[in-house]
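Chemist: Going down the list, the protein sequences come from chains A and B. Taking our numbering, the leading residue of the first sequence gets 12, the next gets one more, and so forth. Taking our numbering, the leading residue of the second sequence gets 12, the next gets one more, and so forth. Just so it is clear, CB atoms sit at the ideal spot from N, CA and C, and this is done for glycine as well. Structure in structure tokens, see below.
2 protein chains.
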Amino acid sequence: MNDSQPTRVVIVGAGFGGLAAARALADAPVQITIVDRQNHHLFQPLLYQVATAALNPSDIAQPIRHILAKQANCQPMLAEVTSIDTESKVVETTAGELPFDYLVLATGATHAYFGNDHWADHAPGLKSVEDALDIRRRILLAFEKAELATDADERTRLMTFVVVGAGPTGVEVAGAIREIATNTLRKDFRQIDTTTSRVQLIEAGPAVLAAFPEKLQQSASEQLESLGVEVRTNTMVTDITADGVTTSDGYVKAATVIWAAGVAASPLGADVTDETDRSGRAVVAPDLSVPGHPNVFAIGDVSAATDANGVDVPGVGAAAVQGGEHAAASIIADLANTARPSFVYNDKGSMATIGRSKAVADLGPRFRFGGFVAWVLWCAVHVWLLVDFRSKLRTISSWAWQYVTGSRSARLITGYTAEDTTA
Amino acid sequence: MNDSQPTRVVIVGAGFGGLAAARALADAPVQITIVDRQNHHLFQPLLYQVATAALNPSDIAQPIRHILAKQANCQPMLAEVTSIDTESKVVETTAGELPFDYLVLATGATHAYFGNDHWADHAPGLKSVEDALDIRRRILLAFEKAELATDADERTRLMTFVVVGAGPTGVEVAGAIREIATNTLRKDFRQIDTTTSRVQLIEAGPAVLAAFPEKLQQSASEQLESLGVEVRTNTMVTDITADGVTTSDGYVKAATVIWAAGVAASPLGADVTDETDRSGRAVVAPDLSVPGHPNVFAIGDVSAATDANGVDVPGVGAAAVQGGEHAAASIIADLANTARPSFVYNDKGSMATIGRSKAVADLGPRFRFGGFVAWVLWCAVHVWLLVDFRSKLRTISSWAWQYVTGSRSARLITGYTAEDTTA
């Protein structure tokens with residue numbers, strides 16, 4: 012470390028993990044540059060609500076500069092990282108080079124098509140605001156086209172929605188589409204009855220919410236079915252076209268397919284280490300550093316970590332936050348010439364919502380429940396986790412309005428051209 | 012009229028005029044189809060606030076189906092009208108034909124580049140949600156690029172904004188950009204001082220707000236200058252490139268140019284009549300019908316009308332609303348075999364806002380004033396005019412937040428790729 016200049020920390024990614032690392036270093040004698048290719052931090056657990064027209068993008072996304080405005084030792088940078096050289100200790104970006112003393116890689120993961128990337132056009136995933144607005148447009152346009160359709164089979168196809176992958180995202184999207192169809196849009200159309208729309212949730216494994224205890228998987232399935240979602244487990248998707256979805260258990264004609272399956276870590280994981288798992292995640296040491304480079308950390312969904320107790324760290328927001336805080340604590344320990352702490356993952360539980368008054372919550376062996384209470388808890392926790400008071404206020408008011416009126420506030424079709432409904 | 016089926020009314024355009032016509036026919040023995048190429052009604056007076064990151068699109072846009080959900084005799088249709096045949100009484104759309112007994116054309120007007128359409132890429136106008144989001148992205152990215160810039164001249168160019176046209180829209184956008192630069196973004200950047208940004212408002216005529224009384228033009232000029240806007244009247248734009256703007260009074264290097272000048276009526280005006288003025292507006296009779304076709308009305312900005320007292324009807328929202336109501340009243344009179352009423356335009360006055368606590372209001376000879384009181388009135392009227400209670404609530408809360416914190420809530424850059432800041 013060069014004593015004549017502060018220690019340079021580069022953080023790549025301003026999601027849960029990157030932001031947590033930056034904030035935990037607020038009082039440390041370091042100069043931080045946090046790079047993200049977006050200008051905003053995205054609260055991903057609520058992204059499905061933008062996709063289903065319940066929230067606006069700005070309710071769940073805050074400008075990174077605003078979040079970090081008061082942190083004098085941290086400089087945000089809007090650019091894309093193109094490569095990382097851990098030997099020379101330099102990060103290459105579209106806006107110049109960033110030399111570092113410490114690097115925290117927090118670029119996350121996205122969905123994966125299991126080698127069938129051409130499915131992406133017909134079955135978008137849900138990772139960014141643009142994805143969410145694209146899905147919102149597809150859902151709303153499907154109903155608009157159904158309203159104009161003269162052929163009964165085509166009308167049915169337009170009102171059939173398939174969601175692939177029954178993790179929390181898939182479960183939440185599927186439930187929300189049934190909700191928008193049975194509540195919000197019901198009175199809007201004259202030719203079609205939106206309550207007859209079909210939503211299929213297709214899962215290759217034996218159960219929905221694979222990471223949850225069995226009792227809650229059961230509860231979630233029941234709640235989905237009471238909402239009118241057709242749950243198809245033990246079913247693999249083998250092809251997707253503009254017309255519909257081929258599965259191991261038959262073909263379904265559907266105009267709208269949403270992909271919520273598979274994990275692909277950010278490709279930068281492979282830049283910092285050769286040891287990656289089959290999802291591309293960087294395999295890290297128990298202190299979350301990359302083998303051979305104690306000054307390089309990989310945290311959150313881009314990494315595959317096992318904590319000091321041998322517990323596999325899951326790909327959830329809370330784990331990314333803890334990882335970011337641990338990387339910061341390790342840097343601080345180094346600068347103080349003390350031993351780095353151990354990383355012990357503190358499992359705060361999981362929750363998933365199903366429609367507007369149902370959910371499942373797993374907060375430990377004695378705190379597992381489903382239904383309305385779980386849903387209230389889910390709402391409370393998610394509002395609390397929002398990074399910004401104004402967002403909390405806006406989201407609460409949006410939800411309150413939605414709950415009282417059944418009206419989903421953000422039902423705009425934007426970025427649309429008339430060709431999309433040409434007869 | 013065929014007694015065995017209801018009278019068919021086709022309304023093209025669900026802006027102020029078209030919606031007013033539809034609603035005024037709610038109890039009439041007609042079957043209405045209202046066609047719009049967007050799914051939402053846009054409250055255009057506040058569009059500039061979406062462009063300057065103060066409001067979200069959904070705060071000022073409501074789904075047409077939602078607005079008309081309770082009107083049983085009115086069917087919304089999402090499609091683009093491609094042509095109108097007034098002889099055969101058929102409207103051609105991208106989703107099929109619409110025969111009509113009565114037609115109300117309410118497709119509005121947009122900005123015009125005086126024959127220099129190639130300027131549009133460098134100087135977008137502000138007509139739709141997509142336009143507003145594009146302008147928002149350009150403004151926010153300009154500051155992001157300035158933060159990364161290494162050349163001082165380029166940095167200055169990136170922080171220079173030109174608005175062309177000093178009508179209400181241009182005045183409002185120019186004031187809002189100075190506001191975002193001097194208040195909201197001030198603490199967000201480390202390398203640049205956003206308060207040094209320059210905003211030039213260029214106007215070919217001798218004064219800003221040409222349609223307002225002279226005293227208020229003066230007030231507006233002063234308020235703009237106190238906000239830091241450089242007002243350049245009697246100045247014509249002769250060229251626009253990606254680098255800057257050439258005027259009759261010199262060249263200005265500017266990375267962001269916004270076009271708020273010129274009027275071009277919707278091309279459908281020329282479909283319903285050969286008599287159009289030089290802005291393409293359909294010249295109508297005093298009862299707002301098209302010469303030779305008493306069953307075809309053109310209202311709002313697509314039309315050039317003179318009322319029963321010889322008063323030229325201005326291109327403002329209130330005039331479109333009154334025109335739509337008059338068209339409806341005329342149809343109702345026809346169906347009741349009574350005489351059509353005369354159309355008398357009731358001038359409710361004009362207002363324009365300049366920044367967050369300034370405005371000018373012209374509400375008649377004894378009610379002309381500028382400054383804070385005008386601004387409060389402007390806010391109150393605009394909230395009142397919003398079509399939907401939820402929008403009123405959200406807009407009030409957005410503005411209250413903005414006023415208290417100086418924070419503009421919708422500061423997202425969306426639809427952006429990293430190439431936009433490549434060094």
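Hey, A:A133 and A:V248 are a contact pair by Cβ (cut 8 Å); roughly how many whole angstroms apart?
Modeler: Here residue 133 of chain A refers to the residue found at position 122 of the first sequence. Here residue 248 of chain A refers to the residue found at position 237 of the first sequence. With the sequence shown as reference, residue 133 of chain A is identified as His, and Ala is not the correct amino acid for it. Rounded, the Cβ-Cβ distance is 11 Å, inconsistent with contact.
Chemist: Rounded to whole angstroms, what is the Cα-Cα separation between B:D298 and A:R149?
Modeler: The residue given as residue 298 of chain B occupies position 287 in the second sequence. The residue given as residue 149 of chain A occupies position 138 in the first sequence. Taking the straight line joining both Cα atoms gives about 42 Å.
Chemist: B:N50: buried (16+ other C-beta within 10 angstroms of its C-beta) or exposed?
Modeler: As a working mapping, residue 50 of chain B is identified with position 39 in the second sequence. Burial call: buried.
Chemist: Which of the three DSSP states, helix, strand or coil, is assigned to A:P68?
Modeler: Along the first sequence, read from residue 1 onward, the residue named residue 68 of chain A stands at position 57. Here A:P68 sits in helix by DSSP.
Chemist: Can you find the residues in the same chain that come closer than 7 Å, C-beta to C-beta, to B:A160, ignoring five residues on each side of it along the sequence?
Modeler: Against the second sequence, residue 160 of chain B aligns to sequence position 149. Cβ within range, chain order: R166 and L169.
Chemist: Tell me where the alpha helix (DSSP H) around B:A370 begins and ends.
Modeler: Here residue 370 of chain B is taken as the residue at index 359 of the second sequence, counted from 1. Where B:A370 is concerned, there is no enclosing alpha helix (DSSP H), although the beta strand (DSSP E) it sits in stretches over A370 to D373.
Chemist: Give a yes or no on whether the C-beta atoms belonging to B:S237 and B:G381 are separated by under 9 Å.
Modeler: The sequence position of residue 237 of chain B within the second sequence is 226, counting from 1. The sequence position of residue 381 of chain B within the second sequence is 370, counting from 1. No, the Cβ-Cβ distance between B:S237 and B:G381 is not below 9 Å.
Chemist: Less than 9 Å between CB atoms is the rule here; does A:K81 satisfy it with respect to chain B?
Modeler: Residue 81 of chain A sits at position 70 when you count from the first residue of the first sequence. Output row for A:K81: interface = yes.
Chemist: Just verifying my parser: in three-state terms, what is the DSSP assignment at A:Q228?
Modeler: In the first sequence, the residue the question calls residue 228 of chain A occupies position 217. A:Q228: helix per DSSP, three-state reduction.
Chemist: Using beta carbons (cut-off 9 Å, strictly below), is B:N67 in contact with chain A?
Modeler: Within the second sequence, numbered from 1, the residue matching residue 67 of chain B stands at position 56. Chain A contact via Cβ: present.
Chemist: Alpha carbon to alpha carbon, how far is B:L57 from B:L137? Give it in angstroms, no decimals.
Modeler: As a working note, residue 137 of chain B is residue 126 in the second sequence. As a working note, residue 57 of chain B is residue 46 in the second sequence. Their backbone Cα atoms lie some 11 Å apart in a straight line.
Chemist: Does the beta-carbon of B:G239 have 16 or more other beta-carbons within 10 angstroms, so that it is buried, or is it exposed?
Modeler: One-based indexing of the second sequence puts residue 239 of chain B at position 228. Classification for B:G239: buried.
Chemist: Only counting the same chain, and skipping five residues up and downstream in sequence, which positions put a Cβ closer than 6 Å to that of A:G176?
Modeler: Locating residue 176 of chain A in the first sequence gives position 165, counting from the first residue. Answer for A:G176: A271 and A272, listed in chain order.
Chemist: Along the chain, which unbroken stretches of the beta strand (DSSP E) at least 3 residues long are found entirely within the stretch 246-284 of chain B?
Modeler: Qualifying beta strand (DSSP E) stretches, in chain order: 248-251, 255-258, 261-264 and 267-270.
Chemist: Would you tell me roughly how many angstroms separate the C-alpha atoms of A:T364 and B:T206, rounded to the nearest one?
Modeler: The residue labelled residue 364 of chain A in the question sits at position 353 within the first sequence. The residue labelled residue 206 of chain B in the question sits at position 195 within the second sequence. If I take the Cα positions, the gap works out to 45 Å.
Chemist: Is the CB-CB distance between A:V21 and A:L79 below 9 Å?
Modeler: In the first sequence, residue 21 of chain A corresponds to position 10, counting from 1. In the first sequence, residue 79 of chain A corresponds to position 68, counting from 1. In this structure, A:L79 does not lie closer than 9 Å to A:V21 by Cβ.
Chemist: In the DSSP assignment, find the unbroken alpha helix (DSSP H) run with B:P179 in it and report its ends.
Modeler: What you label residue 179 of chain B is simply residue 168 of the second sequence in a count that begins at 1. B:P179 -> alpha helix (DSSP H) spans P179 to E190.
Chemist: Quick one: what's got a C-beta closer than 7 Å to A:N320's C-beta in the same chain, skipping five residues either side?
Modeler: On the first sequence, residue 320 of chain A is found 309 positions in, with the first residue counted as 1. V355.
Chemist: Pull out every residue of the stretch 263-286 of chain B whose Cβ sits closer than 9 Å to any Cβ of chain A, in chain order.
Modeler: Taking 9 Å as the Cβ-Cβ cut-off against chain A, none of the residues of the stretch 263-286 of chain B qualify.
Chemist: Against chain A, does B:K198 count as a neighbour if the rule is that its beta carbon must be under 9 Å from one of theirs?
Modeler: As a position in the second sequence, residue 198 of chain B is number 187, starting the count at 1. Judged by the 9 Å Cβ criterion, B:K198 is in contact with chain A.
Chemist: Less than 9 Å separating the beta-carbons of A:V184 and A:Y59?
Modeler: Along the first sequence, one-based indexing puts residue 184 of chain A at 173. Along the first sequence, one-based indexing puts residue 59 of chain A at 48. Cβ distance < 9 Å, so A:V184 and A:Y59 count as in contact.
Chemist: Starting from the beta carbon of A:G426, find every residue of chain B whose beta carbon is closer than 7 Å, and list them in chain order.
Modeler: For the purposes of this step, residue 426 of chain A is taken as residue 415 along the first sequence, with counting starting at 1. Within 7 Å Cβ-Cβ: E141.
Chemist: In angstroms, rounded to a whole number, what distance separates the CA positions of B:R189 and B:S208?
Modeler: The residue labelled residue 189 of chain B in the question sits at position 178 within the second sequence. The residue labelled residue 208 of chain B in the question sits at position 197 within the second sequence. Taking the straight line from one Cα to the other gives about 8 Å.
Chemist: Output, in sequence order along the chain, the residues in the stretch 150-167 of chain B whose CB is closer than 7 Å to any CB in chain A.
Modeler: Those would be L151, E155 and L159, in chain order.
Chemist: Identify the contact partners of A:R2 in chain B, using a Cβ-Cβ distance below 9 Å as the criterion.
Modeler: Nothing about residue 2 of chain A can be reported from this structure: the residues present for chain A run from 12 to 434 only.
Chemist: Restricting to Cα atoms, I'd like to know which of A:D282, A:G326 and A:F125 is closest to A:I302.
Modeler: Stepping through the first sequence from its first residue, residue 302 of chain A is reached at position 291. Reading the sequence as shown, one finds Pro at residue 302 of chain A and not Ile. Per the Cα distances, A:D282.
Chemist: Pull up the distance between the alpha-carbon of A:I191 and that of A:A157, whole angstroms please.
Modeler: If you number the first sequence from 1, residue 191 of chain A lands on position 180. If you number the first sequence from 1, residue 157 of chain A lands on position 146. Distance between the alpha carbons of A:I191 and A:A157: 15 Å.
Chemist: Among A:G334, A:D47 and A:A83, which residue has its Cα nearest to the Cα of A:P40?
Modeler: In the first sequence, counting from the first residue as 1, residue 40 of chain A sits at position 29. When each option's Cα is compared against that of A:P40, the closest is A:A83.
Chemist: Determine which residues of the stretch 26-41 of chain A have a Cβ less than 8 Å from any Cβ of chain B, and write them out in chain order.
Modeler: Within the stretch 26-41 of chain A, no residue qualifies.
Chemist: If you follow the beta strand (DSSP E) that B:H51 is part of, which residue opens it and which one closes it?
Modeler: The sequence position of residue 51 of chain B within the second sequence is 40, counting from 1. Counting along the chain, the beta strand (DSSP E) containing B:H51 begins and ends at H51 to L53.
Chemist: Got a sec: is the Cβ-Cβ distance from A:M88 to anything in chain B below 9 Å?
Modeler: Along the first sequence, read from residue 1 onward, the residue named residue 88 of chain A stands at position 77. Output row for A:M88: interface = yes.
Chemist: For B:R201, decide whether its Cβ has a neighbour in chain A, counting only Cβ atoms nearer than 9 Å.
Modeler: As a position in the second sequence, residue 201 of chain B is number 190, starting the count at 1. For B:R201, the answer is yes, since a Cβ of chain A falls inside 9 Å of its Cβ.
Chemist: Under the rule that 16 or more other beta-carbon atoms within 10 Å means buried, what is A:E155, buried or exposed?
Modeler: Numbered from 1 along the first sequence, position 144 holds the residue referred to as residue 155 of chain A. Burial call: buried.
Chemist: Please report the distance separating the alpha-carbon of A:T93 from that of A:K100.
Modeler: Residue 93 of chain A sits at position 82 when you count from the first residue of the first sequence. Residue 100 of chain A sits at position 89 when you count from the first residue of the first sequence. If you take the alpha carbons of A:T93 and A:K100, they lie about 14 Å apart.
Chemist: Below 6 Å CB to CB, which residues in the same chain sit around A:A315 once its five sequence neighbours on both sides are set aside?
Modeler: In the first sequence, counting from the first residue as 1, residue 315 of chain A sits at position 304. Once the five neighbours on either side are set aside, the close Cβ partners of A:A315 are D288, R292 and V294.
Chemist: Could you compute how far the alpha carbon of B:A331 sits from the alpha carbon of B:S353?
Modeler: In the second sequence, the residue the question calls residue 331 of chain B occupies position 320. In the second sequence, the residue the question calls residue 353 of chain B occupies position 342. In a straight line, the C-alpha of B:A331 is about 16 Å away from that of B:S353.
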